[in-house]
Amino acid sequence: MPALWVAALLVQPQEDGRLAQPGQAWPRLVVASGAVSEVQQPALTLRSPPEQHEVSMADILEHPEAVNPYELIEPITTLFRRGDRLQASFLFYFWQIRSAPWARLGRPDGERALRGAINATLGPEINGWVGSDPQAWLALVYRAIAFEKRVPLYSGRPEGVSPDKWEEVVEAERARYAEGFEEARPILENGEEYARKRAGAGLYVGPWQEPGAPLPEHWR
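Sequential numbering from 4 applies to the sequence shown in our numbering.
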């Protein structure tokens, strides 16, 4: 797990700081009845049935816990592309935790496949930017972990999963995520060695560049 975390940080973001345009590689996502009901290639589209309430960006920023985790992807990409990289990164780590139990209990060709595709495309861009400052990155992920654990769970769960089983898997995936991060922490805390490796990969080392809007105060 440490190698996975740190390898993700040694990736060069786009020169202009935007997410790579993944229109040719994104899965298409349909969220219906609390679950991911369709995954297709090639474009990422968040679509809901006509009768569903359309959640605004403002709603999601106020209560990111209130939507299906996969509905956070469009806001995350929008925030990053418009320059609010700090908010996008926080929501990405929140999404990673919230989506893990969905991937474990959902359909292999649905939630699980989609989570892998999102991590493979969004992850390198966001981690490449966040990783310039390992101490700030540590604090950001700790804050995301604390926030995710504090706020209520989204009301839906994968089809056929009992409330007790859902609670069990949610707690197990939270612990797994936190443990993986703790394993990586000594590597990130060794600032000199980490900076040497990152610089050797041709990556910027130093305070976050153009983080955009600060995190909302209630995201903690």
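Backbone N, C-alpha and C define an ideal beta-carbon position, used for all residues, glycine too.
Check	Outcome
Alpha carbon of W169 to alpha carbon of A149, nearest angstrom	20 Å
Distance, E192 Cα to G209 Cα	14 Å
Straight-line Cα distance separating P166 from T124	32 Å
Cβ-based burial, A91 [other Cβ within 10 Å; buried from 16]	buried
Where N122 sits in the DSSP three-state scheme	helix
Cutoff 8 Å; reference L143; Cβ partners in own chain excluding five residues on either side	L89, S92, F93, Y96 and V133
Nearest residue (CA-CA) to E220, options G205, G119 and R146	R146
From P214, V58, W222 and S59, residue whose alpha carbon lies closest to that of N130	P214
For Y197, the three-state DSSP class (helix, strand or coil)	helix
Touch test, the segment 150 to 162 against the segment 66 to 73, Cβ-Cβ under 8 Å, three pairs minimum	yes
Among P161, E128 and G113, the one whose alpha carbon lies nearest that of R84	E128
Exposure of Q138, with buried meaning 16 or more beta-carbon neighbours within 10 Å	exposed
Nearest to A106 (by Cα), restricted to the options W222, G126 and Y73	Y73
Buried or exposed (CB count within 10 angstroms, at least 16 for buried), R99	The residue asked about is misnamed: residue 99 is Gln in this sequence, not Arg. Buried, because 16 or more other Cβ atoms sit within 10 Å of the Cβ of Q99.
Reduced DSSP secondary structure (H/G/I, E/B, other) of E170	helix
Status (buried if at least 16 other CB within 10 Å, exposed otherwise) for G163	exposed
C-beta contact flag for P104 and V173 at 7 Å	yes
Neighbour-count burial assignment, D136, 16 or more Cβ in a 10 Å radius	buried
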